[in-house]
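*Asks:* Take this structure, written in structure tokens, and hold onto it; I'll ask about it next.
Residue numbers (this note's numbering): 3 to 239.
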């Protein structure tokens with residue numbers, strides 16, 4: 003899982019890692035939204051090693067409704083799967099794309115294949131997914147990247163929009179920043195391996211904490227304040 007607040011550099015980090023090693027099947031809600039906005043459909047063979055059906059989608063929705071009070075069923079009723087093609091018959095939005103991404107993650111979990119996904123990790127369900135994957139026998143990795151302050155993220159999202167990238171409301175950037183920070187320690191403890199990365203500086207990123215099983219390595223005597231506050235101090239309690 004590649005986690006971190008909006009504008010922290012998750013996609014750039016993932017691209018660099020993918021050049022060095024396999025990341026398996028890849029799920030990104032932003033890319034799903036972009037493809038559905040452009041075409042109105044997604045060829046599921048690009049996301050799964052096996053065919054998926056509309057029955058699987060409906061079963062997923064039923065389970066989601068039972069376990070998540072945030073579900074907006076009216077928005078999701080426009081989505082269906084026919085002959086391994088996911089079709090949307092209404093305007094796409096980020097909420098629908100996020101639910102489709104969650105559906106894809108659970109299908110991949112059942113397929114027992116390697117896969118990666120991006121998330122701002124602002125909801126406990128993402129940490130629970132990591133725990134579920136580990137319980138199913140997956141070796142789980144967390145790459146968490148963030149800046150020192152959400153104002154940096156706001157600026158970077160604005161720069162991204164100026165280059166044609168997707169926008170995120172300022173209020174959402176800030177609220178998601180702090181929610182993801184509060185979930186960092188739990189996510190860190192839940193995985194087999196973890197890399198905690200700071201991207202505050204414009205000239206590059208730095209890995210400050212690594213985890214391999216029960217071994218935790220701090221790579222520098224001085225760590226960014228957010229890593230100390232939201233991870234290291236909690237690990238010592």
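Beta carbons: idealized from backbone N, C-alpha and C, even for Gly.
1) Take every Cβ of the region 156-164, pair it with every Cβ of the region 25-45, and state whether three or more of those distances are shorter than 8 Å.
2) Is the region 132-140 touching the region 175-186 in the sense that three or more CB pairs, one from each, lie closer than 8 Å?
3) Since residue 120 sits in a beta bridge, which residues does DSSP pair it with?
4) At the level of alpha carbons, what is the spacing between residue 18 and residue 12?
5) How is the alpha helix (DSSP H) around residue 176 delimited, first residue to last?
6) Report the rounded CA-to-CA distance for residue 29 versus residue 218, giving the unit in angstroms.
7) Rounded to a whole number of angstroms, what is the C-alpha to C-alpha distance between residue 130 and residue 142?
8) Classify residue 79: buried if its beta carbon has 16 or more other beta carbons within 10 angstroms, exposed otherwise.
9) Going along the chain, which residues of its own chain have a beta-carbon closer than 6 Å to the beta-carbon of residue 194, five neighbours each way excluded?
10) Name the two residues that bound the continuous alpha helix (DSSP H) containing residue 62.
11) Give the range of the alpha helix (DSSP H) segment to which residue 105 is assigned.
12) Measure the Cβ-Cβ separation of residue 42 and residue 122 and say whether it is below 9 Å.
13) With 16 as the cutoff for other CB atoms within 10 Å, does residue 149 come out buried or exposed?
14) Within 8 Å, do at least three Cβ pairs link the region 201-219 to the region 159-171?
15) According to the neighbour-count rule (16 or more other Cβ atoms, all chains shown, within 10 Å of its Cβ), is residue 92 buried or exposed?
16) How far does the alpha helix (DSSP H) with residue 1 in it reach, from first residue to last?
17) Which class does residue 32 belong to by DSSP, given the choice of helix, strand or coil?
18) Counting C-beta neighbours from all protein chains within 10 Å, is the total for residue 116 16 or more, i.e. buried, or is it exposed?
19) Look at residue 200 and residue 175 and say whether their C-beta atoms are less than 9 Å apart.
20) Based on Cα-Cα distance, which residue from 168, 54, 190, 101 lies nearest to residue 214?
21) Quick one, are the C-beta atoms of residue 15 and residue 147 less than 9 Å apart?
22) Over what stretch of residues does the beta strand (DSSP E) that includes residue 88 continue unbroken?
23) On the DSSP letters alone, give me the boundaries of the beta strand (DSSP E) that residue 84 sits inside.
24) Is the closest heavy atom of the ligand FMN to the C-beta of residue 13 under 8 Å?
25) Going along the chain, which residues of its own chain have a beta-carbon closer than 8 Å to the beta-carbon of residue 103, five neighbours each way excluded?
*Replies:* Based on what the coordinates show:
1) They do not touch, by the three-pair rule.
2) As far as the Cβ criterion goes, the region 175-186 does not touch the region 132-140, which means the pair count is below three.
3) As DSSP reads the structure, residue 120 sits in a beta bridge with 4.
4) Straight-line spacing of the CA atoms in residue 18 and residue 12 works out to 10 Å.
5) Start and end: 172-192.
6) Residue 29 and residue 218: Cα-Cα distance of roughly 28 Å.
7) Here the alpha carbons of residue 142 and residue 130 stand approximately 12 Å from one another.
8) When all chains shown are included, residue 79 counts as exposed.
9) Within its own chain, the residues whose Cβ lies closer than 6 Å to the Cβ of residue 194, once the five positions on either side in sequence are excluded, are 141, 142, listed in chain order.
10) Counted as a single uninterrupted DSSP element, the alpha helix (DSSP H) harbouring residue 62 occupies residues 56-69.
11) Here the alpha helix (DSSP H) through residue 105 covers 96-113.
12) The answer is no: Cβ separation not under 9 Å.
13) Counting Cβ neighbours within 10 Å, residue 149 comes out buried, since at least 16 surround it.
14) In short, these stretches do not touch, since the Cβ pair count stays below three.
15) Burial call: exposed.
16) Outside the shown range of the chain, which is 3 to 239, sits residue 1, and nothing can be said about it.
17) Annotated three-state conformation of residue 32 is helix, per DSSP.
18) Exposed, because fewer than 16 other Cβ atoms sit within 10 Å of the Cβ of residue 116.
19) No, the pair does not count as a contact, with Cβ atoms beyond the cut-off.
20) If we check each option's Cα against that of residue 214, 190 comes out closest.
21) Yes. Within cutoff.
22) Its beta strand (DSSP E) spans residues 87-90.
23) Going by DSSP, residue 84 is part of the beta strand (DSSP E) stretching over 81-84.
24) Looking at this structure, you won't find the ligand FMN or any other ligand, since it has none at all.
25) Excluding the 5 residues flanking it on each side, residue 103 has same chain C-beta neighbours closer than 8 Å at 29, 30, 31, 34, 119, in chain order.
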